[in-house]
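By my numbering, the letter at position 332 of the sequence shown is numbered 346, and the numbering carries on one by one without gaps. Backbone N, C-alpha and C define an ideal beta-carbon position, used for all residues, glycine too. Given the structure is predicted, the values throughout are model-derived calculations rather than measurements. Structure, as C-alpha cells:
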Amino acid sequence: MDERAEQEAAQQHRKNMRPRRIMFYSHDTFGLGHLRRSRTLATALTQSDPQTSAIILTGSPVAGRFTFPERVDHIRLPGVTKLSDGSYVSQTLGAGIEDTTSLRAGLIQAAIERYEPDLLVVDKEPTGFRGELLPSLQGLRERGHTRTVLGLRDVLDEPTALASEWERKGATRAAEELYDEIWVYGMREMYDPTKGLPLSQDARSRMHWTGYLRREFAVDVEVPDSPYILITPGGGGDGAAMVSLVLSAYEEDPTLEPKAVLVYGPFLSGELRDRLEARVAKLNGRVTATGFDRHIEALFVGAEGVISMGGYNTFCEVLSFDKRAVIVPRTTPRLEQWLRASRAEEMGLVRMLEETRDGMTTRAMIDAIRNLPQQNKPSEAGANDLLGGLDTVIARADALMNNMGPQ
C-alpha cells in the first residue's frame with residue numbers, strides 16, 4: 015500500500031470510529047428560507063442520533079439572531095447583496111464581488127477540511143454562489159470520504175427560466191457529477207422542481223421526494239390572548255406590497271375582524287418600514303407589529319388563520335399547524351411562489367389571492383380575510399400525508415453515511 019493509500023485508509027478508520035458529522039451549505043444571498051430549512055434539517059438529524067453533530071455554512075446576515083439546538087452550530091460567510099440590475103456587491107467588506115467570493119470559497123474549503131463531514135447537504139444551488147462550492151465539491155469527490163446531497167425545495171422556478179439559469183451556472187453538470195443523491199423536499203404529485211432540466215436518467219434515478227418538512231413547536235412563548243390572524247411576508251425583503259394591502263383592508267373596513275399580528279421580517283426596514291409602522295399606529299391596536307420573531311411557530315399555533323406570500327417555509331408551517339391560509343404570491347423575479355400557491359389551491363390546501371383573477375385590491379383582501387373561517391383546513395385536504403419529509407431525510411442520511419449508496 016503506497017503512502018497516499020495508507021493516509022486515506024487511516025483517515026477513513028478515524029471517521030468510522032468517531033461520531034457522525036453533517037455539514038449544510040446555505041448560500042443565503044436573500045431572505046431566510048435557505049437558512050431556516052437547513053436549521054430544520056440539522057435539528058432533526060442531530061436529534062435522531064445523540065452522537066451526531068452538524069455545522070451550517072450560511073451567508074445570512076441574521077444567522078446570529080436564531081437559536082441553534084445542542085450539537086448544531088453555524089459559520090457565517092461574508093454576506094452579499096443582490097442589486098436591482100441582478101449584480102452582487104459585498105454587504106460590509108467594501109471588497110469587490112470577486113474577492114468576496116474567493117474569500118467565501120476559501121472559508122468553505124477550510125471548514126470542510128477541518129470538520130471532515132460524513133455528509134454534506136447543499137441547499138438549492140448545485141455550484142454554490144458564483145461557483146464558490148465547486149473546488150470543495152471536486153475535492154470531496156476525489157477523496158471519496160464524504161457523501162454529498164443536493165437538496166431542492168418543492169418548486170424552484172418556471173421550467174424555461176430555470177433551465178436557462180442552470181445552464182448559465184453549470185448547475186446541471188454539477189448535479190450530474192458531484193452529488194450522490196438529490197432530495198426534493200416535497201411531493202412528486204405536487205410539483206417536480208426539475209421539470210425542464212436536461213438531467214440524465216441516471217441523475218433522476220438518484221432523486222428522492224422526501225415529502226414536506228414538518229415543523230414542531232415546544233418553546234413556551236407568550237402569544238396574544240384574543241383571536242388574531244398572522245400576517246407574515248417571510249424574510250420581508252419583498253413583502254411590502256402584501257403588508258400594505260393588508261393594512262389597507264383594516265383601514266378601509268373598521269369592522270374587519272379578527273385583529274392581526276404582523277411580523278415584518280428582518281429584511282423589511284428603513285423608510286419603508288417606518289411608513290408602514292405609522293399606518294399600524296393609527297389602527298389603534300387592531301393590528302400589532304413586530305420586526306422579527308425567532309419563535310414565529312408559536313404565532314402560527316395560536317392564529318385563527320394566516321396571510322402570507324407562500325414561501326417554502328411558511329407553506330410547511332401552514333400545513334404542519336393546520337392553518338387556514340390565504341397566499342398572496344410574488345411573481346418576480348421568480349414564479350416559484352405562484353406555482354406553489356396555484357397547485358396548493360388546486361389541491362384544496364390553501365386559497366390564493368391572484369392578481370389577474372381576483373384583482374389585487376383592498377376589497378379583495380377584505381373579502382379574503384372575512385372568508386378565512388369558511389375555508390377548509392389543510393388537514394381536510396390530506397395535508398398530513400404530505401409531511402413525512404424529516405423521517406425520509408433521516409433514513410436517507412443514515413443509508414448514505416452507512417455507505418449503502420442510492421436506493
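Residue closest to residue i, alpha-carbon to alpha-carbon, out of the options
i: A56; options: R34, G73, V76; result: R34
i: R357; options: P149, V169, K96, E139; result: V169
i: S62; options: G184, R218, P83; result: P83
i: R85; options: A77, T66, S101, R50; result: T66
i: P280; options: G225, G108, A254, Q388; result: A254
i: M379; options: I341, L349, M361; result: I341
i: Y39; options: A119, M361, Y199; result: A119
i: S393; options: M415, M361, D372, R377; result: M361
i: T95; options: S116, G73, R51; result: G73
i: L297; options: E146, S178, L261; result: L261
i: L4; options: I111, T345, A124, L176; result: Only positions 15 to 421 of the chain appear in the structure, and residue 4 is not among them; the question remains open.
i: L227; options: M221, G284, S52, V76; result: S52
i: D399; options: G225, N390, E130; result: G225
i: I89; options: T114, A125, L349; result: A125
i: L9; options: T304, L401, L270, Y102; result: Here the chain comprises residues numbered 15 to 421, so residue 9 is not present and cannot be evaluated.
i: P75; options: S104, T54, T60, A58; result: S104
i: V275; options: A317, G284, L286; result: A317
i: E230; options: A189, H309, I36; result: H309
i: L136; options: G153, P92, A189; result: According to the sequence provided, residue 136 is Val. The question's Leu does not apply to it. Ranking the options by Cα distance to V136, first place goes to A189.
i: Y205; options: M37, G373, A413, W352; result: W352
i: T346; options: R79, D252, H159, M374; result: D252
i: G47; options: G324, I122, E285; result: G324
i: A58; options: N417, N416, D412; result: D412
i: G153; options: F80, V198, S178, E127; result: E127
i: R344; options: A295, E291, D171; result: D171
i: S240; options: K138, L313, G78; result: L313
Expected contact under 8 Å - CB spacing of residue i and residue j to nearest Å
i: R161; j: D132; result: 7 Å
i: Y242; j: P268; result: The pair is not a contact, with the Cβ atoms about 17 Å apart (cut-off 8 Å).
i: V263; j: I383; result: Sequence check: residue 263 is Ala here, not Val. Confirmed, Cβ separation roughly 6 Å.
i: W428; j: G200; result: As displayed, the chain neither begins before 15 nor continues past 421, which places residue 428 out of reach and without an answer.
i: T174; j: G210; result: 6 Å
i: S322; j: P247; result: 7 Å
i: R167; j: Y326; result: 4 Å
i: D194; j: V163; result: 7 Å
i: R423; j: T106; result: Not covered by the structure: residue 423. The range shown for the chain is 15 to 421.
i: V301; j: V320; result: Going by Cβ atoms, the distance from V301 to V320 rounds to 15 Å, so no, they are not a contact pair.
i: R354; j: K391; result: Contact flag wrong, Cβ pair sits at about 18 Å.
i: P149; j: L117; result: Actually they are not in contact, since the Cβ atoms of P149 and L117 sit about 13 Å apart, beyond 8 Å.
i: L259; j: M366; result: About 14 Å separates the two Cβ atoms, so there is no contact after all.
Per-residue DSSP class, three states only, for residue i
i: D63; result: coil
i: K273; result: strand
i: Q421; result: With a pLDDT of 40 at Q421, under the threshold of 50, the modelled position of this residue cannot be trusted, and the question is left open.
i: S40; result: strand
i: E230; result: coil
i: Q389; result: coil
i: R348; result: coil
i: M374; result: coil
i: E236; result: coil
i: G403; result: helix
i: L46; result: coil
i: D381; result: helix
i: L55; result: helix
i: L333; result: helix
i: L353; result: helix
i: L148; result: helix
i: A395; result: helix
i: A409; result: helix
One or two residues paired with residue i in a DSSP bridge
i: D137; result: G165
i: M415; result: DSSP, once it has assigned bridges, lists no residue as partnering M415.
i: V340; result: I321, R365
i: R35; result: S67
i: T246; result: S322
Distance cut-off 7 Å: residue i Cβ against heavy atoms of the ligand COA
i: K96; result: No copy of the ligand COA occurs in the structure displayed, which carries no ligand at all.
**Prompt:** Which residue spans inside the stretch 257-328 form an unbroken beta strand (DSSP E) run of at least 3?
**Reply:** Unbroken beta strand (DSSP E) stretches of 3 residues or longer found wholly inside the stretch 257-328: 273-277, 301-304, 319-322, given in chain order.
**Prompt:** What are the start and end residues of each continuous beta strand (DSSP E) run of 3 or more residues lying completely inside the stretch 69-145, in chain order?
**Reply:** Uninterrupted beta strand (DSSP E) stretches at least 3 residues long and entirely within the stretch 69-145 occur at 86-90, 94-96, 102-104, 133-137, given in chain order.
**Prompt:** Taking the runs of the beta strand (DSSP E) that are 3 residues or longer, which of them lie wholly in the stretch 150-227?
**Reply:** Runs of beta strand (DSSP E) with 3 or more residues, each lying fully within the stretch 150-227, are found at 161-167, 195-199, 221-223, listed in chain order.
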